[in-house]
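Trainee: Residue numbers (my numbering): 203 to 457.
Even for Gly, the Cβ is constructed at its ideal location relative to N, Cα and C.
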Ligand SMILES: [Zn+2]
Ligand SMILES: [Zn+2]
């Protein structure tokens, strides 16, 4: 039995309180890792700013981020309970190709779902209740990724659980997706652009979102609702007309 199988067998069989504690620990480690990596990237690419520097850190920001970590843990526990009750059925881990396919399906389904929910969250009726909180911090820092209204955190968790239910992804694919989601969320809130200047000139690659893409959304709430790709914004006509220009401005500063 390999390490991954051992890990998932343990998650399936240990008492639920223990599994919940491990989920909490995992979420705290991911949070700390994201903040650390984020600060390293901000430092490394400080001459490629795509946003003005963030306002001084407030207690409310920190509190909201900590609540987000706790709610993410709650979502993980709910997922765990559904999996242990055989309501969520996960495919066995297959070969590399099967895993990559599983990850691609998760990314595309989540990208579309999040685009739809994000646009809905900007509707005047929903915006003040679920999404304004995140937009209080328009010049992002790595922590901003976690500064969300609790309803929004739970909404993302519910969407992820539904997508996993439908896609019946493998265990490994879910872990890879979660890492991918963390990195993309983080990059979108760096305030600097790590992507090479040629990014938007490369076919296919330019479909993958960049830090500038989400930074633009923080400065212009009518555009760029997508997360991992610019596909849906292109398709539905909500891609910022300034994207190319803002990206070039951010990546050209360093010469
Ligand atoms: Zn928004
Ligand atoms: Zn954001």
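Assuming contact is defined by CB atoms lying nearer than 8 Å, are residue 425 and residue 442 in contact in what I supplied?
Mentor: Yes; because the gap between Cβ atoms is below 8 Å, this pair is in contact.
Trainee: Between which residues of its own chain and residue 402 is the CB-CB distance below 7 Å, once the five residues before and five after are set aside?
Mentor: Result list for residue 402: 408, 446 and 449, in chain order.
Trainee: Does the region 271 to 281 come into contact with the region 340 to 360, if we say contact requires no fewer than three beta-carbon pairs (one atom in each stretch) closer than 8 Å?
Mentor: These segments touch.
Trainee: Whose C-beta lies closer than 8 Å to the C-beta of residue 280 among residues of the same chain, with five residues either side of it excluded?
Mentor: Excluding sequence neighbours, residue 280 sits near 359 and 363.
Trainee: Do the CB positions of residue 228 and residue 344 come within less than 8 Å of each other?
Mentor: Not in contact: residue 228 and residue 344 (Cβ atoms no closer than 8 Å).
Trainee: What do you reckon, are the CB atoms on residue 413 and residue 252 nearer than 8 Å?
Mentor: It is a contact, given that the beta carbons lie within the stated cut-off.
Trainee: So what does DSSP say about residue 451, is it helix, strand or coil?
Mentor: Of the three classes helix, strand and coil, the one that applies to residue 451 here is helix, per DSSP.
Trainee: Could you give the distance in angstroms between the alpha-carbon of residue 324 and the alpha-carbon of residue 287?
Mentor: Whole-angstrom Cα-Cα distance: 36 Å.
Trainee: In this structure, how does DSSP classify residue 212 when only helix, strand and coil are distinguished?
Mentor: Helix at residue 212.
Trainee: Could you give the uninterrupted runs of the alpha helix (DSSP H) lying entirely in the region 338 to 425, keeping only those of 4 residues or more?
Mentor: 352 to 369, 373 to 390 and 413 to 421, all fully within the region 338 to 425.
Trainee: In chain order, what are the residue ranges of uninterrupted beta strand (DSSP E) at least 3 long that sit wholly in the region 250 to 279?
Mentor: You should have found no qualifying run.
Trainee: Specify the secondary structure class of residue 440 as computed by DSSP and reduced to three states.
Mentor: Of the three classes helix, strand and coil, the one that applies to residue 440 here is coil, per DSSP.
Trainee: Might you give, ordered along the chain, the residues of its own chain that have their beta carbon closer than 8 Å to the beta carbon of residue 361, omitting 5 neighbours on each side?
Mentor: Result list for residue 361: 312, 315, 316 and 319, in chain order.
Trainee: Would you check if the distance between the CB atom of residue 148 and the CB atom of residue 356 is smaller than 8 Å?
Mentor: With the chain represented from 203 up to 457, any question about residue 148 goes unanswered, as that position is not in the structure.
Trainee: Answer with buried or exposed for residue 430, where buried requires no fewer than 16 other C-beta atoms within 10 angstroms of its C-beta.
Mentor: Residue 430 comes out buried.
Trainee: Considering only residues of the same chain and omitting the five flanking positions on each side of residue 419, which have a CB-CB separation below 6 Å?
Mentor: Closer than 6 Å at Cβ, skipping near neighbours: 426.
Trainee: Count the CB pairs spanning the region 366 to 380 and the region 389 to 400 that are closer than 8 Å, and state whether there are at least three.
Mentor: Too few Cβ pairs lie closer than 8 Å, so no.
Trainee: So, does the region 383 to 398 touch the region 245 to 261, judging by three or more C-beta pairs under 8 Å?
Mentor: Segments in contact, yes.
Trainee: Going by beta-carbon coordinates alone, are residue 236 and residue 388 separated by less than 8 Å?
Mentor: Result yes, Cβ atoms of residue 236 and residue 388 sit closer than 8 Å.
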